[in-house]
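Report on the structure given below.
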Amino acid sequence: MIRMAVLAMGVTLLGVAQAAAESHLDHVLKRLEPDSRFNQVCDMAAMAAIGKSEAGLRPDRAMLDAAGPVKRVGDTATGEGAVIRSKGHWYGLSFVCETTPDRMRVRSFDYKLLGEIPQSKWEELGLWR
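Under mature numbering (1 follows the signal peptide of the UniProt record, and there is no 0), residues -19 to -1, 1 to 110 are what the sequence shown spells out, in order.
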């Protein structure tokens, strides 16, 4: 019985901590202008999607427009020149990111990983270790 109470308390505290983190993120996102907010939520979606589905990759940085422009139509952004960084290596990707109208949440994120970017191209693209 005590174990169940401790487990329930742990789950409750985890939920409270997650809600607080989400609330803080919402606060920060609301302070951004809509185009920047669009980029930020899609960057986060890219890292989450790739980290979840690509074995061995743990993205810690994403930039949608590093190697090419982002096209925005309504609530959807598409691009061929996005990059993510994982374990000190950069990878190119193409993507489609659809957000809610307020740009606070991503409705869907699809991507195609294009391969590792050679270090000789990093400076040209503004990338770093």
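Virtual Cβ for every residue (Gly too), placed ideally from N, Cα, C.
Keep in mind it's a predicted model, so treat the numbers as computed, not measured.
{"Query": "Please list, in chain order, all residues of the same chain as D24 whose beta carbon is under 6 angstroms from its beta carbon, the five residues on each side excluded.", "Result": "A43"}
{"Query": "I'd like to confirm something about W103: is its beta-carbon nearer than 7 angstroms to some heavy atom of the ligand ADP, or not?", "Result": "The ligand ADP is absent from the structure shown, which contains no ligand whatsoever."}
{"Query": "How would you call A30, buried or exposed, if buried means at least 16 neighbouring beta carbons within 10 angstroms?", "Result": "buried"}
{"Query": "Distance, Cα to Cα, A27 vs G55?", "Result": "19 angstroms"}
{"Query": "Could you give the first and the last residue of the continuous beta strand (DSSP E) run that contains R53?", "Result": "V51 to V54"}
{"Query": "Would you tell me roughly how many angstroms separate the C-alpha atoms of R110 and H70, rounded to the nearest one?", "Result": "7 angstroms"}
{"Query": "Please list the terminal residues of the continuous beta strand (DSSP E) segment that includes D41.", "Result": "P40 to M44"}
{"Query": "Taking the alpha helix (DSSP H) that I31 belongs to, which residues open and close that run?", "Result": "P15 to S34"}
{"Query": "So, helix, strand or coil for L108, using DSSP?", "Result": "coil"}
{"Query": "Going by DSSP, what residues sit across from W103 in a beta bridge?", "Result": "Answer by DSSP bridge pairing: none, since W103 is not bridged."}
{"Query": "Smallest Cα separation from P15: which of R39, P50 and A58?", "Result": "A58"}
{"Query": "Give me, in chain order, the residues of the same chain whose beta-carbon lies closer than 8 angstroms to that of K52; leave out the 5 immediate sequence neighbours on both sides.", "Result": "A58, T59 and G60"}
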